[in-house]
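Beneath this line is the structure, given in structure tokens, with notes to follow.
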Amino acid sequence: MKEADIRNRDTFNEYIRLSELDAETYFADRSKYFSIDCPACGSQGKPYLEKNSFKYQTCPTCDSFYVSPRPPIEQFEAYYVDSPSTKYWVEYFFKPMIDARRVKMFQPRAKFLADRLDNDGLTIGDVGAGFGLFLSELKKIRPNNSLVAIEPSVDMSKLCREEGLEVIPSLLEEITDKVEFFDVLTAFELFEHLNDPRDFVQKIHGLLKPGGTFLFTTLNGLGFDIQMLQEKSKSISPPHHLNFFNPNSVKVLLKNCGFDHVEVETPGILDWDIVEGMHKNEEVDLGPFWEKLSKSGSVEAKQDLQQWISRNGYSSHMRVIAKKEVK
Ligand SMILES: [Zn+2]
10 MKEADIRNRD TFNEYIRLSE LDAETYFADR SKYFSIDCPA CGSQGKPYLE
60 KNSFKYQTCP TCDSFYVSPR PPIEQFEAYY VDSPSTKYWV EYFFKPMIDA
110 RRVKMFQPRA KFLADRLDND GLTIGDVGAG FGLFLSELKK IRPNNSLVAI
160 EPSVDMSKLC REEGLEVIPS LLEEITDKVE FFDVLTAFEL FEHLNDPRDF
210 VQKIHGLLKP GGTFLFTTLN GLGFDIQMLQ EKSKSISPPH HLNFFNPNSV
260 KVLLKNCGFD HVEVETPGIL DWDIVEGMHK NEEVDLGPFW EKLSKSGSVE
310 AKQDLQQWIS RNGYSSHMRV IAKKEVK
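In my numbering, the protein residues as written are 10 to 336.
Right, here's the structure in full:
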């Protein structure tokens with residue numbers, strides 16, 4: 010898989026341009042911004058980098074980095090409900106790639122979870138289900154489970170219903186009538202957006218049955234493409250991406266919230282392609298070694314590099330499986 014398989018460069022750049030304009034509109038009132046300590050371990054951070062007038066702090070203890078000071082939740086709600094960049098993302102970025110994403114991203118994810126389910130008759134919820142692609146693919150492989158899309162957007166939750174899924178049309182944080190209800194909860198590419206990751210993980214823990222599983226993907230802030238590109242990385246995109254954990258710090262967070270067994274892998278396969286694409290198409294300076302590799306390195310050398318990155322925990326795409334203790 011290549012970066013171009015799942016996102017078009019021009020469309021992505023236009024989305025980033027609109028996001029920057031929206032950031033000025035929706036997040037202009039800075040009087041309500043508040044500072045936070047490291048969302049993984051609670052240590053006090055120090056200044057790291059600045060982008061689109063948002064500041065990131067880095068944690069000297071666990072190397073997470075995160076937006077601080079942060080805008081209040083109301084500004085995010087207004088932004089995600091009806092900003093031009095959010096609409097553009099749905100219409101021009103996501104929808105045209107929906108079939109490609111279904112095949113290249115959601116089918117493998119569904120298979121990954123299906124292979125790990127010991128039996129059927131489970132209650133499985135997907136938080137931030139979007140168009141319901143993950144659950145509808147899972148349903149094809151393992152039809153005998155109860156599948157619940159947790160999706161606050163009116164438009165997207167409607168599409169989830171059309172996929173035949175049960176829908177809870179709210180934010181996870183707003184679910185108050187269910188305790189130890191789910192066998193499995195998933196959340197794909199959501200964690201980096203969370204205003205309060207610890208609160209979110211505690212809520213997940215409370216909603217899972219004893220022995221239940223929380224499977225999620227997020228960005229690894231110590232991953233190859235993010236570290237190579239720093240503030241030029243399109244993953245470092247405030248106000249969307251607020252939290253950059255890493256394989257160690259995400260374990261600290263989950264264990265502090267009561268999960269007793271946590272596995273982290275970095276199965277990403279796009280790091281080198283993203284870095285090379287920024288050098289070739291957007292004139293990003295990588296330094297002499299990497300530029301020579303880009304120019305004259307063999308296909309095999311580049312594939313080996315990517316495999317090394319993924320195998321050793323250095324891909325920017327991280328997958329986490331956490332288990333709640335059995336009582
Ligand atoms: Zn920390």
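Beta carbons are placed, not taken as given, at the ideal position from N, Cα and C, and that holds for glycine.
Give the DSSP-derived three-state secondary structure of LEU251 in the structure shown. Residue state for LEU251 is assigned as coil, using DSSP reduced to three classes.
Can you tell me the Cβ-Cβ gap for TYR101 and PRO78, rounded? I've got them flagged as a contact below 8 Å. Incorrect: roughly 32 Å between the Cβ atoms, too far for contact.
On the three-state DSSP scale, how would you describe ARG354? The requested residue 354 does not occur in the structure, where the chain is confined to residues 10 to 336.
Quick one: does the C-beta of GLY230 sit closer than 8 Å to a heavy atom of ligand 1? Incorrect: GLY230 has no Cβ contact closer than 8 Å to ligand 1.
Pairwise C-alpha distance: ILE283 and GLY130: Roughly 40 Å between the two C-alpha positions.
How long is the line joining the alpha carbons of TYR24 and SER246, rounded to whole angstroms? Computed Cα separation, rounded: 11 Å.
Cβ pair GLY286, PHE74 closer than 9 Å: Between GLY286 and PHE74, the gap from beta carbon to beta carbon reaches 9 Å or more.
Between CYS169 and ligand 1, is the CB less than 8 Å from at least one heavy atom? Incorrect: CYS169 has no Cβ contact closer than 8 Å to ligand 1.
Neighbourhood of LEU263 by C-beta, 7 Å cutoff - its chain only, sequence neighbours within 5 removed: The answer, listed in chain order, is VAL210, VAL271 and ALA331.
Using the C-alpha atoms, what's the distance from ALA49 back to ILE82? Roughly 19 Å between the two C-alpha positions.
Can you tell me which of the three DSSP states ILE15 falls into? In the three-state scheme derived from DSSP, where H, G and I count as helix and E and B as strand, ILE15 is classed as helix.
Taking buried to mean at least 16 other C-beta atoms within 10 Å of its own C-beta, is MET10 buried or exposed? Answer is exposed; the Cβ neighbour count stays below 16.
Do you know offhand how far ASP46's Cα is from GLY54's? Distance between ASP46 and GLY54, taken at the CA atoms: about 6 Å.
From GLN315 to THR185, what distance separates their C-alpha atoms? Cα to Cα, the separation comes out at about 43 Å.
Cβ distance (whole Å) where ALA109 is taken to contact ASP135 below 8 Å: Cβ-Cβ separation between ALA109 and ASP135: approximately 20 Å, too far for a contact (criterion under 8 Å).
Pick out whichever of LEU217, GLN239 and PHE268 has its Cα sitting closest to the Cα of SER325. Minimum Cα distance to SER325 is reached at GLN239.
Separation of ALA123 from ARG151, as counted between CA atoms: Straight-line Cα distance between these residues: approximately 7 Å.
CYS266 and HIS214 look like a contact to me (Cβ under 8 Å); what is the Cβ gap, rounded to whole Å? About 5 Å separates the two Cβ atoms, so the contact holds.
Buried or exposed: which applies to ARG26, given that a residue is buried once 16 or more other Cβ atoms fall within 10 Å of its Cβ? Counting other Cβ atoms within 10 Å of its Cβ, ARG26 stays below 16 and is therefore classed as exposed.
Around the C-beta of ARG339, are 16 or more other C-beta atoms found within 10 angstroms, so that it is buried, or is it exposed? Because the chain spans 10 through 336 in this model, residue 339 falls outside it and cannot be assessed.
Does the stretch 222-229 touch the stretch 193-201, meaning 3 or more C-beta pairs lie closer than 8 Å? Touching, yes.
Measuring only from the beta carbon, is VAL7 closer than 8 Å to any heavy atom that is part of ligand 1? Lying outside 10 to 336, the shown extent of the chain, residue 7 is not represented and no answer is given.
Whole-angstrom Cβ separation of LEU216 and PHE200, contact assumed at under 8 Å? Going by Cβ atoms, the distance from LEU216 to PHE200 rounds to 16 Å, so no, they are not a contact pair.
Given the structure, does ASP313 come close to ligand 1, in the sense that its CB is under 8 Å from one of the ligand's heavy atoms? At a cut-off of 8 Å, the beta-carbon of ASP313 does not count as near ligand 1: no heavy atom of the ligand is closer than that.
Which residues in the same chain as GLU160 place their Cβ atom closer than 6 Å to its Cβ, once the five residues preceding and following it in sequence are excluded? So the qualifying residues of the chain are ALA138, SER166 and CYS169.
Spatially closest choice to VAL90 from ASP31, SER307 and ILE318, by CA coordinates: For VAL90, the nearest C-alpha among the options comes from ASP31.
With hydrogens ignored, establish whether the beta-carbon of ASP205 is closer than 8 Å to any heavy atom of ligand 1. Outside the cutoff, so no.
Pick helix, strand or coil for VAL293, following the three-state DSSP scheme. In the three-state reduction of the DSSP assignment, VAL293 falls in the coil class, being assigned neither a helical nor a strand state.
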